[in-house]
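Chemist:
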Amino acid sequence: VQLVEYGGGLVQAGGSLRLSCAASGFIFSINAMGWYRQAPGKQRELVATITSSGLGTGYADSVKGRFTISRDNAKNTVYLQMNSLKPEDTAVYYCNTRAYDTNYWGKGTLVTVSS
-14 VQLVEYGGGL VQAGGSLRLS CAASGFIFSI NAMGWYRQAP GKQRELVATI TSSGLGTGYA
46 DSVKGRFTIS RDNAKNTVYL QMNSLKPEDT AVYYCNTRAY DTNYWGKGTL VTVSS
């Protein structure tokens, strides 16, 4: 199982970024996916989840209305569209899935939001 995130970078407050996570090594279309983040000195926290079909999504209160999770099962890719970014969104963002009774994580992509 491999999860590779990309799309992070430096953005000003109020700006937007789109993260992508390319998945391989498992049947992507039957797995729920999630995005997590970890800010410096803080615990990793759940940001958003999406069901295998893409019809069901969930968000942390802190990102509701600003972030949108989506997926393309034909491309084995999950996305996180982040709008109206705030300095407190600065973190390493990780892609996650549970497959074969094991939690898998990508290496993460750094998002830095300047004020």
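Residue numbers for the sequence shown follow our numbering, so the first one is -14 and each next one is one higher.
Each residue gets a CB set at the ideal place from its N, CA and C atoms; glycine is no exception.
A quick note: this is a predicted structure, and the numbers were derived from the prediction, not measured.
(1) Report the three-state DSSP secondary structure of F13 (helix, strand or coil).
(2) Assuming contact is defined by CB atoms lying nearer than 7 angstroms, are A76 and Q23 in contact in what I supplied?
(3) Please confirm if the segment 83 to 90 is in contact with the segment 45 to 56, defined as three or more CB-CB distances below 8 angstroms between the two stretches.
(4) Between which two residues does the beta strand (DSSP E) harbouring S102 extend?
(5) How should I35 be labelled, buried or exposed, when 16 other C-beta atoms within 10 angstroms of its C-beta is the threshold for buried?
Modeler: So, from the data block:
(1) Position 28 of the sequence shown holds residue 13. Correct three-state label for F13: helix.
(2) As a working mapping, residue 76 is identified with position 91 in the sequence shown. As a working mapping, residue 23 is identified with position 38 in the sequence shown. Yes, they are a contact pair.
(3) no
(4) Within the shown structure, residues of the chain are numbered from -14 to 100, placing residue 102 beyond reach of any answer.
(5) Walking along the sequence shown from the start, residue 35 turns up at place 50. Burial call: buried.
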